[in-house]
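Numbering (my numbering), first residue to last: 11 to 97.
We put the beta carbon where it would ideally sit given N, CA and C, even for glycine.
These figures come from a predicted structure and were not determined experimentally.
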Amino acid sequence: MALVKDITCVQAVRLIGDYLEGALSRRDRRRLEKHLAACEACSGYLEQMRATIALTGTVGPGDLSEDALDALMEVFDNFRREGESEA
Ligand SMILES: [Zn+2]
């Protein structure tokens with residue numbers, strides 16, 4: 011997984027909901043976009059969210075369900091493992 015100094019993946023995921031609603035400040039949006047550009051896990055999550063919104067037409071109130079978080083952490087674990095096996 012890419013090392014991103016500005017914000018962590020957990021912070022990025024929290025920002026993505028607001029990002030998709032256009033509720034982020036310009037500064038936060040730039041930080042998030044920087045993270046997304048460097049982090050496959052989070053950009054993949056953003057794509058998933060976009061697909062979900064396309065289907066349901068809505069984003070939740072900004073809270074992730076436990077299931078969604080579990081699924082996300084699994085994705086991050088896989089990325090981490092792939093990185094380790096390469097090292
Ligand atoms: Zn990330």
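Beta-carbon contacts of residue i that lie in its chain and below 7 Å, excluding the five residues immediately before and after
{"i": "residue 45", "result": "14, 16, 17, 22, 52"}
{"i": "residue 19", "result": "49, 51, 52, 86"}
Own chain residues within Cβ distance below 6 Å of residue i, not counting five before or after
{"i": "residue 97", "result": "A caution first: residue 97 carries a pLDDT of 49, below 50, which makes its placement in the model unreliable, though a value can still be read off. Nothing listed; no residue qualifies."}
{"i": "residue 36", "result": "none"}
Residue i: CB within 8 Å of a non-hydrogen atom of ligand 3
{"i": "residue 58", "result": "This structure simply doesn't include ligand 3; it includes ligand 1 instead."}
Own chain, CB closer than 8 Å to residue i, minus 5 neighbours either side, in chain order
{"i": "residue 34", "result": "25, 28, 42"}
{"i": "residue 59", "result": "26, 27, 30, 69"}
- prompt: Residues near ligand 1, CB to any non-hydrogen atom under 6 Å, in chain order?
  reply: The answer, residue by residue, is 19, 22, 45, 49, 51, 52.
task: Could you tell me which uninterrupted alpha helix (DSSP H) segments, each at least 4 residues in length, are contained entirely in the region 33–60, listed from first to last along the chain?
output: Runs of the alpha helix (DSSP H) lying entirely within the region 33–60, each at least 4 residues long, are 36–48 in chain order.
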